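Written out below as structure tokens is the structure these notes cover.
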Amino acid sequence: MSLPKDFLWGGALAAHQFEGGVLDTTKGLSVADVMTGGNVSTPRVITDGVKEGLYYPNHIGIDFYHHYKEDIKLFAEMGFKCFRTSIAWTRIFPLGDEEQPDEEGLQFYDDVFDELLKYGIEPVITLSHFEMPYHLAKEYGGFMNRKTIDFFVKFAEVCFKRYKDKVKYWMTFNEINNQMNYKNDIFGWTNSGAHFGNYDNPEEAMYQCGHYELVASAKAVKIGHEINPNFLIGNMIAMVPIYPFSCRPADMVLSTEMMHQRWFFCDVQCRGHYPRYALKMFENKGFNLDITEEDKKALAAGTVDYIGFSYYMTNTVDSTAHKDVSKSLDGSSEHSVANPFIKVSDWGWAIDPEGLRYALNQMYERYEKPLFIVENGFGAIDKKEEDGSCHDPYRVDYLRAHIEQMKKAVEIDGVDLMGYTPWGCIDCVSFTTGEMKKRYGFIYVDRNNDGSGTLERSKKDSFDWYKKVVASNGEDL
Ligand code: P53
Numbered sequence: 112m113s114l115p116k117d118f119l120w121g122g123a124l125a126a127h128q129f130e131g132g133v134l135d136t137t138k139g140l141s142v143a144d145v146m147t148g149g150n151v152s153t154p155r156v157i158t159d160g161v162k163e164g165l166y167y168p169n170h171i172g173i174d175f176y177h178h179y180k181e182d183i184k185l186f187a188e189m190g191f192k193c194f195r196t197s198i199a200w201t202r203i204f205p206l207g208d209e210e211q212p213d214e215e216g217l218q219f220y221d222d223v224f225d226e227l228l229k230y231g232i233e234p235v236i237t238l239s240h241f242e243m244p245y246h247l248a249k250e251y252g253g254f255m256n257r258k259t260i261d262f263f264v265k266f267a268e269v270c271f272k273r274y275k276d277k278v279k280y281w282m283t284f285n286e287i288n289n290q291m292n293y294k295n296d297i298f299g300w301t302n303s304g305a306h307f308g309n310y311d312n313p314e315e316a317m318y319q320c321g322h323y324e325l326v327a328s329a330k331a332v333k334i335g336h337e338i339n340p341n342f343l344i345g346n347m348i349a350m351v352p353i354y355p356f357s358c359r360p361a362d363m364v365l366s367t368e369m370m371h372q373r374w375f376f377c378d379v380q381c382r383g384h385y386p387r388y389a390l391k392m393f394e395n396k397g398f399n400l401d402i403t404e405e406d407k408k409a410l411a412a413g414t415v416d417y418i419g420f421s422y423y424m425t426n427t428v429d430s431t432a433h434k435d436v437s438k439s440l441d442g443s444s445e446h447s448v449a450n451p452f453i454k455v456s457d458w459g460w461a462i463d464p465e466g467l468r469y470a471l472n473q474m475y476e477r478y479e480k481p482l483f484i485v486e487n488g489f490g491a492i493d494k495k496e497e498d499g500s501c502h503d504p505y506r507v508d509y510l511r512a513h514i515e516q517m518k519k520a521v522e523i524d525g526v527d528l529m530g531y532t533p534w535g536c537i538d539c540v541s542f543t544t545g546e547m548k549k550r551y552g553f554i555y556v557d558r559n560n561d562g563s564g565t566l567e568r569s570k571k572d573s574f575d576w577y578k579k580v581v582a583s584n585g586e587d588l
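Per our numbering, residue 112 is the first one in the sequence shown, and the count goes up by one each step.
What follows is the structure, given as structure tokens:
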């Protein structure tokens, strides 16, 4: 019993969280570039443009833009078979609505992909990972506007054509389902450049926006396959399974209902049509959505080849609980309660390795499409010692436990799994809090929450451990 020989071990990042190169290149501002730094108790603020005197951690990130050769060399040393990152939309179309793409931006990704391919590392590319052009958000309302479909599809087409011989694995939108949490501004903003709270009915606005984005995703998939039939184009969702707190039937039904919200985007992207629970809900709530016959055809013609997903945690719901979650960043709901069998990280994220096996089974049974774990990992506070070493046994414990469960899903349950790319394989800016302090990497980067630090890279203990895992194809954990 073992994982497939061509299993894609690697690591994952997203342009806006590590590239930097924002103010000194032709790159335009993205929705992420107007988000300030925060922490677990202070939310990031979305500002109206870049404001003097405020700190925007993504502007420098870890400056991969000027360190990519050094960083990719380290990934190669760990034996990466693939590397997941995203193309910053604003490097290719700085404003989003231009006629012509930007050559400097296109060239940067040629250089990065060439460098990866030099070491035999396959690029796995997300087209849009929380980095829509700020101009599209501000002037068009992001994906609240039907026009944005065409802007995205054009961006996708330019990328597919330019990199058709360098990139085989693609994903359309990162964690497209985060915006289901329409009460917290950060999700609508980063997914779609939209502020759902500004609309009379934020929930309806979210579904309208989501619809346009689903159409954009499907159209991109179709065009991609026309450009290169060998492309494998996936979607990407945040998979946070929802457990019933007890065997009380009402808890079971509640978790089923809440999973509908989790599955919604994935159902449409995998099946090419709206699930009946959603259509019924639109009817029951009196939603009047702009969904045309053309759109329905586009959805049907652009189903995904595989499902990419992030897995960090599970959630547990109790039908008798009611709490305020308007500020929640961990996918919890008003019925969420602590799971007494599970510990949480310093950021309150439940650590549940077996939940990964459960998630893989749930998804594979539902869709029977190949799966790809494109994010998983442990955000923690690391300490770099005087001698440059960094001891992170907690990270190794977390990843080992998840890999064990992932292997069971493949080797016992028969799940078709393409690969595993732990999140933040080199330290980067946290998405939810904008901190550097919440670290995920095998590689430590000397950079702090306030922007101080030399940006020097050094290996953590987990670096050699992961190298061994990859070399043994997951046998030596
Ligand atoms: P940080 C939950 C809530 C928000 C984003 O997050 C999430 C999840 C996980 O399901 O997803 C991702 O950096 C996201 C990455 C992000 C990563 O979680 O706040 O795709 O961009 O960095 C980790 O610890």
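For glycine and all other residues, C-beta sits at the position ideal for the given N, C-alpha and C. This one's a predicted model, so the numbers in the text were calculated from it and none came from an experiment.
Taking the C-alpha atoms as reference points, what is the distance between Thr543 and Arg550?
-> Each residue's alpha carbon lies about 12 Å from the other.
Jot down the residue ranges of each uninterrupted alpha helix (DSSP H) in the stretch 507–577, minimum 4 residues, whole runs only, in chain order.
-> At a cut-off of 4 residues, not a single continuous stretch assigned as alpha helix (DSSP H) sits fully inside the stretch 507–577.
Name the residue from Phe284, Leu165, Ala187 whose alpha carbon lies nearest to the alpha carbon of Phe254.
-> Phe284
Compare the C-alpha of Thr259 against each of Ala143, Lys294, Ser303, Trp458 and name the closest.
-> Ser303
Just to check, is the beta-carbon of Glu324 closer than 7 Å to a non-hydrogen atom of the ligand P53?
-> no
Endpoints, beta strand (DSSP E) assigned at Arg387 | Here Arg387 belongs to no beta strand (DSSP E); instead the alpha helix (DSSP H) covers 387–396.
Using three-state DSSP, classify Phe342 as helix, strand or coil.
-> The three-state secondary structure of Phe342, taken from DSSP, is coil.
Is the stretch 167–180 touching the stretch 559–579 in the sense that three or more CB pairs, one from each, lie closer than 8 Å?
-> Taking a cut-off of 8 Å for Cβ pairs, the stretch 559–579 and the stretch 167–180 touch, as three or more such pairs fall below it.
Considering only residues of the stretch 190–252, which uninterrupted alpha helix (DSSP H) runs meet the minimum length of 4 residues and lie entirely inside it, listed in chain order?
-> 200–203, 214–229, 245–251
Keeping to the same chain, check which residues put their C-beta closer than 8 Å to that of Glu515; ignore five residues upstream and five downstream.
-> Pro464, Leu588
Exposure label - Leu238; buried when at least 16 CB within 10 Å = buried
Please state whether DSSP places Ile484 in a helix, a strand or coil.
-> strand
Roughly how many whole angstroms lie between the Cα atoms of Cys193 and Tyr505?
-> 24 Å
Nearest to Asp572 by alpha carbon, out of Ile198, Glu286, Asp498?
-> Asp498
So what does DSSP say about Glu424, is it helix, strand or coil?
-> Looking at the sequence shown, residue 424 is not Glu but Met. In this structure, Met424 counts as coil in the three-state DSSP scheme.
Candidates Thr136, Thr431, Arg511: which alpha carbon is nearest Leu467's?
-> It is Arg511.
Have a look at the DSSP bridge pairing and note the partners of Val415.
-> According to DSSP, which records beta bridges pairwise, Val415 is partnered with nothing at all.
Rounded separation between Asn395 and Lys330 - CA only = 29 Å
Around the C-beta of Leu119, are 16 or more other C-beta atoms found within 10 angstroms, so that it is buried, or is it exposed?
-> Buried is the call here.
Could you say which of Val326, Lys454, Met517 lies nearest to Asp401 if we only look at CA atoms?
-> Proximity to Asp401 across Val326, Lys454, Met517 peaks at Val326, based on C-alpha coordinates.
Have a look at Ile348, Tyr385, Gly585, Val556 and flag the residue whose alpha-carbon is nearest the alpha-carbon of Tyr318.
-> Nearest to Tyr318 by alpha-carbon distance, out of Ile348, Tyr385, Gly585, Val556, is Tyr385.
Grab the span of the beta strand (DSSP E) containing Ala123 for me, first residue to last.
-> 119–123
Integer-rounded CB distance, given that Lys279 should sit under 8 Å from Phe342 | Confirmed, Cβ separation roughly 6 Å.
Decide if Glu337 is buried, meaning its Cβ has at least 16 other Cβ atoms within 10 Å, or exposed.
-> Burial call: exposed.
With C-beta atoms as the reference, is Tyr167 less than 8 Å away from Asp182?
-> Contact flag unset, no.
Where the beta strand (DSSP E) containing Pro355 begins and where it ends | 353–355
Per DSSP, which one or two residues make a beta bridge with Ala349?
-> Ser421
Whether Val428 touches Phe356 by CB criterion (8 Å) | Between Val428 and Phe356, the C-beta gap is smaller than 8 Å, which places the two residues in contact.
Short Cβ contact (8 Å threshold) for Pro533 with Ala123 = yes
Sequence-distant residues of its chain with Cβ nearer than 7 Å to Lys548 (five each side left out) = Once the five neighbours on either side are set aside, the close Cβ partners of Lys548 are Ile492, Asn560.
In the structure shown, what three-state DSSP assignment does Met146 receive?
-> strand
Determine, using beta-carbon pairs with one atom in the stretch 197–212 and one in the stretch 267–276, whether at least three such pairs fall under 8 Å.
-> yes
Taking C-beta to C-beta, are Ala349 and Glu286 nearer than 8 Å?
-> In this structure, the beta-carbon distance from Ala349 to Glu286 falls below 8 Å.
Kindly examine the ligand P53 and report whether one of its heavy atoms sits closer than 7 Å to the Cβ of Ala512.
-> No, the ligand P53 has no heavy atom inside 7 Å of this Cβ.
Residues of its chain near His433, where Cβ-Cβ distance is below 8 Å and the 5 sequence neighbours each way are ignored = Hits under 8 Å: Glu445, His446.
Going by the CB atoms, is the gap between Phe262 and Gly207 shorter than 8 Å?
-> yes
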